[in-house]
Amino acid sequence: MAASFDSDKAAALHRHLHSHLPPEPALRVKALESLLVERGLVSTQTLDSWVEAYTEEIGPKRGAQVVARSWLDQDFRARLLENATEAIKEFGFEGNATGNLKAVENTDTTHNLVVCTLCSCYPFSLLGMSPAWYKAGAYRARAVREPRKVLKEFGVELSEDVAVRVWDSTAELRYLIVPQRPAGTEGWSEVQLAEIVTRNAMIGTDRDLKTGAA
Amino acid sequence: MNKTCQFGPEDGLAPNAPKFAEAWHAQVLAIADTMITNGRVSANLWAETLGAELRKGEAEGAPDTETSYYEAALRALEHVLASGALVSTNDLTQRRNDWETAYLETRHGQPVILK
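Residue numbers (our numbering), protein chains in the order written: chain A, 9 to 222; chain B, 202 to 316.
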């Protein structure tokens, strides 16, 4: 009957207009979260706090503070290079992603670059969320195969006498690159120095830090 | 012959924002990291499963984008939770459908509640 057809159609249209159905992946995440919460495996508060922390608070400024201190305090630098996992506890920056952290220093003759060829392992309690390119297949494959070329694309031109070491992160061992302190920063405070340390320098896709911004 | 550059120099001091393009991206990582912290999922299993899903996506021609990454992360999360007998595929499908129904039956602006 035409009347019932119209009412069905109207009802469907009504549902469509008033629905705000999330996209498919969001719906699946919502399903997972509600089941895990119901089963006592996670709490909504924990998840909300995590998202808030990684959206608002935890970022590369943490790593920059660590690097800045390593430039000013030789004892701290020695502790950092010896055992970075312990050294970052002096700042309270430890987290499960940095349970085994290794710090490696750039020198005049060595440049270090970090990648995770398997997935996207990253010391995120120290550097925050990884950039999109770090998670990209192109970076994960090419950083090992042709690191100098990748570095050049990032704007890092290395002379032939600078060796490149590529560190492949794993779930069990992650890395922090300690860039070189630029000339012209003598007498700067730890806070001033931290302001010039870039996220990419701590991953290795940046090398010569600029002093103009501080 | 020059290949097109994949990467480019960045403003090294620009704020690292936005951190997450979509709310569900953050939620996937929040759940995964919390399950690792709680000891319900091992960090190694998570990395291996995520790596396998990334490779699978690449093999199937998924574009090399952040969206593809998070879709792989979601599939990896579903797998580790199913393999650890924490959330079965059937339970997940049922609950997903329940949420869909709840959304469709809720007027916009009203809180969406499971019945």
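Virtual Cβ for every residue (Gly too), placed ideally from N, Cα, C.
query                                                                                                                                : result
Identity of the residues DSSP links to A:H119 by a beta bridge                                                                       : A:V172
Limits of the unbroken beta strand (DSSP E) element including A:E305                                                                 : What is shown of chain A runs 9 to 222, which leaves residue 305 of chain A out entirely.
Boundaries of the alpha helix (DSSP H) in which A:L35 is found, first to last residue                                                : E32 to E46
Pairwise C-alpha distance: B:A283 and B:L293                                                                                         : 9 Å
Backbone CA spacing between B:M202 and A:A171 [nearest angstrom]                                                                     : For B:M202, the predicted structure reports a pLDDT of 36, less than 50, and the residue's modelled location is therefore unreliable. The matter cannot be settled from this model.
Rounded distance between the beta-carbons of A:A95 and A:R87, thought under 8 Å                                                      : 5 Å
Pairwise C-alpha distance: B:I237 and A:V59                                                                                          : 15 Å
Through-space distance from A:T54 to A:Y62, alpha-carbon basis                                                                       : 12 Å
Chain-ordered residues of the stretch 203 to 215 of chain A with a beta carbon less than 9 Å from chain B                            : E203, I204, V205, T206, R207, N208, A209, T213 and D214
Local conformation of A:R182 per DSSP, three classes                                                                                 : strand
Neighbouring residues, chain B, relative to A:E41 (Cβ below 7 Å)                                                                     : Q228 and I232
Touching by the beta-carbon criterion (3+ pairs, under 8 Å), the stretch 246 to 257 of chain B and the stretch 268 to 281 of chain B : yes
Residues near A:T52 by beta carbon distance below 8 Å, same chain, minus five either side                                            : E41 and V45
Pick from B:E306, B:A303, B:K316 and B:W225 that is closest to B:A274, judged by C-alpha positions                                   : B:W225
B:P210: contacting residues in chain A (beta-carbon distance under 7 Å)                                                              : F162 and G163
Cutoff 8 Å: A:N114 Cβ touching any chain B Cβ                                                                                        : no
Three CB pairs or more closer than 8 Å across the stretch 171 to 183 of chain A and the stretch 293 to 309 of chain B                : no
Residue of B:R256, B:G209 and B:G285 minimising C-alpha distance to B:G240                                                           : B:G285
Chain B residues whose Cβ lies nearer than 7 Å to that of A:W58                                                                      : A231, D234 and T235
Reduced DSSP secondary structure (H/G/I, E/B, other) of B:K220                                                                       : coil
Chain-ordered neighbours of A:R6 on chain B, where CB pairs are closer than 8 Å                                                      : What is shown of chain A runs 9 to 222, which leaves residue 6 of chain A out entirely.
Option nearest A:T125 by Cα separation, candidates A:S133, A:R153 and A:L109                                                         : A:R153
is_contact[A:V186, chain B] using C-beta, thresh 8 Å                                                                                 : no
Member of A:P131, A:D116 and A:L121 whose CA lies at the smallest distance from the CA of A:T106                                     : A:P131
Burial state of A:A260 (16 or more Cβ within 10 Å)                                                                                   : With chain A represented from 9 up to 222, any question about residue 260 of chain A goes unanswered, as that position is not in the structure.
Nearest to A:A146 (by Cα), restricted to the options B:R297, B:E211 and B:E259                                                       : B:E259
C-beta contact flag for A:H119 and A:L166 at 8 Å                                                                                     : yes
Neighbouring residues, chain B, relative to A:P33 (Cβ below 7 Å)                                                                     : W225, E272 and L275
Whole-angstrom C-beta distance between B:L287 and A:L49, which should lie under 8 Å                                                  : 6 Å
Boundaries (first-last residue) of the alpha helix (DSSP H) holding A:E224                                                           : Absent from the model: residue 224 of chain A. The displayed extent of chain A is 9 to 222, so no value can be given.
Nearest residue (CA-CA) to B:K257, options A:G71, A:S57 and A:C127                                                                   : A:C127
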